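Note sheet for the following structure.
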Amino acid sequence: MSAFVDPLGALGALVRQAAGRPLLTYYDTDSKERIELSVATTDNWVTKIANLLADELQLDHGDRIAIELPTHWQTAVVALGAWAAGLTVVTPTDGVDIRVVGPDAVSASGRQPSTELVLACSLRPLAGRFMTPLPAGWLDFAVEVPPQPDLLVEPRPMADPAVVLPEPLSPADVLRRGHESAAAAGLVAGGRLLTDHSPAHHDGLTGGLVACLAVGASLVLVTETTDEARAAVAEQERVTCARWSDRV
-5 MSAFVDPLGA LGALVRQAAG RPLLTYYDTD SKERIELSVA TTDNWVTKIA NLLADELQLD
55 HGDRIAIELP THWQTAVVAL GAWAAGLTVV TPTDGVDIRV VGPDAVSASG RQPSTELVLA
115 CSLRPLAGRF MTPLPAGWLD FAVEVPPQPD LLVEPRPMAD PAVVLPEPLS PADVLRRGHE
175 SAAAAGLVAG GRLLTDHSPA HHDGLTGGLV ACLAVGASLV LVTETTDEAR AAVAEQERVT
235 CARWSDRV
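First residue of the sequence shown: -5, per the working numbering; consecutive thereafter.
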């Protein structure tokens, strides 16, 4: 049996055992961006995000966070950071305590002020800032997250449920689903999973990110839609298995 009981425990085990190994790799066909995060770098982003959410923004254990982001490395670290802050990741709906959005939401807002707590990610290369003003009251990920401490100010257990996407799952259930997804895909320790599933959704969170954490593999996120582009990334990254949103 695993020595850890939830996804954050799995991440912690990887930090202790293989901190320098790649954990997240992201490709963007439009910007030609490729970014690779080691286990240690991923964990650092997770810590900073958790400190922003729990310490600076004073969100309570069990508060609900809606992550409205596409397939992107920032989506993965925000999900893990939310768990480290003790938040429940939910589908976008009314009544959430904080929303994490991308540039499309900024455009759709008409830059009108909002009473909601919103953290906005530009999704620009190197987690760059927005180039234009955000709606009044919105927070820029690139401004708020990097200055946060590198150690957890307020360590918290994962919330239960950890996710409601839309089914409520406990932290242990999330990890179990990750193990099941890894087994179904043939993903093993040291393997590399290539996928276009967003970690903001169930298939990309438990079936992608958590599956990799559960077995000690790494995740390669892509936005490619053609077989040729996918095959090229698979060869370059030496992936061992793949999961696609347009295939059963």
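Virtual Cβ for every residue (Gly too), placed ideally from N, Cα, C. All values derive from a computational prediction rather than experimental measurement.
*Verify whether the separation of the beta carbon atoms of Gly210 and Leu8 is less than 8 Å.*
Start at 1 with the first residue of the sequence shown, and residue 210 comes out as number 216. Start at 1 with the first residue of the sequence shown, and residue 8 comes out as number 14. Yes, these two residues count as a Cβ contact at 8 Å.
*Taking the DSSP output, what are the residues bridged to Asp134?*
In the sequence shown, counting from the first residue as 1, residue 134 sits at position 140. Beta-bridge pairing links Asp134 to Ala114.
_Taking DSSP's pairing of strands, which residues face Thr82 in a bridge?_
By one-based count along the sequence shown, residue 82 stands at place 88. In the DSSP output, where bridge partners are listed per residue, Thr82 has Arg58.
*To the nearest angstrom, how far is it from the Cα of Phe(-2) to the Cα of Ala4?*
For the purposes of this step, residue -2 is identified with residue 4 of the sequence shown, where counting begins at 1. For the purposes of this step, residue 4 is identified with residue 10 of the sequence shown, where counting begins at 1. Roughly 6 Å between the two C-alpha positions.
_Asp240 in three-state terms, based on DSSP_ = Taking the first residue of the sequence shown as position 1, residue 240 is located at position 246. Residue state, collapsed to three classes: coil.
*Rounded to whole angstroms, what's the CA-CA distance from Met(-5) to Pro162? Just pull it up for me.*
Translated into the one-based positions of the sequence shown, residue -5 becomes position 1. Translated into the one-based positions of the sequence shown, residue 162 becomes position 168. With a pLDDT of 41 at Met(-5), under the threshold of 50, the predicted position of this residue should be treated as unreliable, and no value is reported.
*Close-in-space but distant-in-sequence residues of the same chain around Leu74 (CB under 6 Å, 5 per side omitted)*: Counting from 1 along the sequence shown, the entry for residue 74 is found at position 80. Answer for Leu74: Val40, listed in chain order.
*Using beta-carbon positions only, say whether Gly172 and Thr200 come within less than 8 Å of one another.*
Residue numbering aside, residue 172 sits at position 178 when the sequence shown is read from its first letter. Residue numbering aside, residue 200 sits at position 206 when the sequence shown is read from its first letter. Closer than 8 Å, so yes.
_Spatial neighbours of Ala13 within its chain, please: C-beta separation below 6 Å, excluding the five flanking residues on both sides._
Position 19 of the sequence shown, counting from 1, holds the residue named residue 13. Only Val33, Ala34 meet the Cβ criterion.
*Rounded C-alpha distance that separates Glu222 from Ala236*: The sequence position of residue 222 within the sequence shown is 228, counting from 1. The sequence position of residue 236 within the sequence shown is 242, counting from 1. If I take the Cα positions, the gap works out to 14 Å.
_Proximal residues to Ala44 (C-beta, below 7 Å), its chain only, five neighbours per side dropped_ = Residue mapping note: residue 44 aligns to position 50 of the sequence shown, counting from 1. Cβ neighbours of Ala44 beyond the five flanking positions: Gly75, Ala78, Ala79, Leu146.
*Apart from the five residues on each side of it in sequence, which residues of its chain come closer than 7 Å, Cβ to Cβ, to His55?*
Working through the sequence shown from its first residue, we reach residue 55 at position 61. The residues are Gly80, Arg150, Ala153.
*asked:* Taking the alpha-carbon of Val216 as reference, which of Glu174, Ala228, Thr126 has the nearest alpha-carbon?
replied: As a first step, residue 216 is located in the sequence shown; it is residue number 222 there, counting from the start. Closest by alpha carbon: Ala228.
*Which residues in the same chain as Arg28 place their Cβ atom closer than 6 Å to its Cβ, once the five residues preceding and following it in sequence are excluded?*
Counting from 1 along the sequence shown, the entry for residue 28 is found at position 34. Closer than 6 Å at the Cβ level, and outside the excluded window around Arg28, lie Tyr21.
*Who does Cys235 pair with in a DSSP beta bridge?*
Translated into the one-based positions of the sequence shown, residue 235 becomes position 241. Bridge partners of Cys235: Leu187.
*DSSP-derived helix/strand/coil call for Leu215*: The count along the sequence shown starts at 1 and reaches residue 215 at position 221. Looking at Leu215 - three-state DSSP - the assignment turns out to be strand.
*Which stretch, first to last residue, makes up the alpha helix (DSSP H) that contains Thr35?*
Position 41 of the sequence shown, counting from 1, holds the residue named residue 35. That run of the alpha helix (DSSP H) goes 33 to 44.
*Would you please state the rounded distance, in angstroms, between the beta carbons of Leu63 and Ala194? I believe it to be under 8 Å.*
Here residue 63 refers to the residue found at position 69 when the sequence shown is read from its first residue. Here residue 194 refers to the residue found at position 200 when the sequence shown is read from its first residue. Right, their Cβ atoms sit about 5 Å apart.
*Based on the DSSP secondary-structure assignment, which residues constitute the bridge partners of Pro16?*
Walking along the sequence shown from the start, residue 16 turns up at place 22. Partner(s): Ser32.
*CA-to-CA distance, Asp49 to Ser164, given in whole angstroms*: Indexing the sequence shown from 1 puts residue 164 at position 170. Indexing the sequence shown from 1 puts residue 49 at position 55. Cα to Cα, the separation comes out at about 23 Å.
*Within 10 angstroms of its Cβ, does Thr126 collect 16 or more other Cβ (buried), or is it exposed?*
Here the question's residue 126 lines up with position 132 in the sequence shown. Per the 10 Å Cβ criterion, exposed.
*Give the range of the beta strand (DSSP E) segment to which Val95 is assigned.*
The count along the sequence shown starts at 1 and reaches residue 95 at position 101. Val95 -> beta strand (DSSP E) spans 92 to 95.
*For Leu207, name the three-state secondary structure that DSSP assigns.*
Looking up residue 207 in the sequence shown gives position 213. The answer is helix: DSSP assigns Leu207 an H, G or I state.
*Got a sec, what are the start and stop residues for the alpha helix (DSSP H) His173 sits in?*
In the sequence shown, counting from the first residue as 1, residue 173 sits at position 179. First-last of the alpha helix (DSSP H) with His173: 165 to 179.
*Return the chain-ordered list of same chain residues with a C-beta closer than 6 Å to the C-beta of Thr23, the five sequence neighbours on each side being excluded.*
What you label residue 23 is simply residue 29 of the sequence shown in a count that begins at 1. Taken in chain order, the residues that qualify are Thr217, Glu218.
*Near Gly185, which residues of its chain fall below 7 Å by C-beta distance, leaving aside the five closest residues on each side in sequence?*
Along the sequence shown, read from residue 1 onward, the residue named residue 185 stands at position 191. Ala211, Thr234, Cys235.
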